[in-house]
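K.L.:
Okay, here's the structure, questions in a sec.
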Amino acid sequence: MTEQKSFKKRVKETVIQNAYSYKKYFVDYEYLLFSTAFVNNKYYIVSAYNDNYLHLTGLHTSLNATDFFEKCYTGTLEESDFDFCKSGQNESEVKGSVRRKINSLPTIMDIFNVGTSVEEDFEKNRIRCALAAGNVSATLGFVVAGKAKPMTY
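Numbering-wise (my numbering), the sequence shown opens with residue 7 and increments by one.
This is how it looks when you write it as structure tokens:
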């Protein structure tokens, strides 16, 4: 009988496994999004940095965002490096958010492939962002201040 992994162990493995792809697809490249349907800007340049990765995971850590990414990327992240405690949210709410984010994490690497929709001034529930790109699996929100940077949900 196979031993069931704890949620924390599954989260750790997922964020480590996806750090390489995140760097390969988002940190190492910039993307030019252009559409005649855009109203706010003629185009957007999407760029990401190592320190954007932490937000994509939904985790809380005492590490700074760059160190968190480096530990994920090098495979040295420990379960003690993160938790599910956030101000104003109970642990169950945070775990739910983390669960949704880690399930979407692998799919956002393909966010600019065929079948992606892009929307300016995206708003859904409590989420508001200047630009969003999505497909049937995930939606990635962006903050636009010069270049568009991932903000996720």
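Every residue gets a Cβ at the ideal spot worked out from N, C-alpha and C, and that includes glycine. Model, not experiment: these values are computed from the prediction.
Taking DSSP as the reference, what is the three-state secondary structure of V120?
P.N.:
V120: coil per DSSP, three-state reduction.
K.L.:
When you compare the CB positions of I108 and G140, do they come within less than 9 Å of one another, or not?
P.N.:
It is not a contact, given that the beta carbons lie outside the stated cut-off.
K.L.:
Just list the residues that DSSP pairs I133 with in beta bridges.
P.N.:
In the DSSP output, where bridge partners are listed per residue, I133 has K130.
K.L.:
If contacts are defined as beta-carbon pairs under 8 Å, then S103 and G147 qualify, I think. What distance do you get, rounded to the angstrom?
P.N.:
The pair is not a contact, with the Cβ atoms about 14 Å apart (cut-off 8 Å).
K.L.:
Ordered along the chain, which non-local residues of its own chain (more than five positions away) have a Cβ less than 7 Å from that of T72?
P.N.:
N56 and D57.
K.L.:
Under a three-way DSSP split, which group does D87 fall into?
P.N.:
Three-state result, D87: helix.
K.L.:
Does DSSP classify Y28 as helix, strand or coil?
P.N.:
Of the three classes helix, strand and coil, the one that applies to Y28 here is helix, per DSSP.
K.L.:
Starting from A154 and walking both ways along the beta strand (DSSP E), at which residues does that stretch end?
P.N.:
From DSSP, the beta strand (DSSP E) with A154 extends over K153 to P156.
K.L.:
Skipping 5 residues on each side, what residues in its chain have a beta carbon closer than 6 Å to that of M37?
P.N.:
Here residue 37 turns out to be Tyr, not Met, going by the sequence shown. Same-chain partners within the cutoff: V52 and F118.
K.L.:
Determine the burial state of Y28: buried for a count of at least 16 other Cβ atoms within 10 Å of its Cβ, exposed for fewer.
P.N.:
With 16 or more Cβ atoms within 10 Å of its Cβ, Y28 is classed as buried.
K.L.:
Could you check which residue in I22, G152, K153 and N47 has the C-alpha nearest to that of E84?
P.N.:
Of the candidates I22, G152, K153 and N47, the one whose C-alpha sits nearest the C-alpha of E84 is I22.
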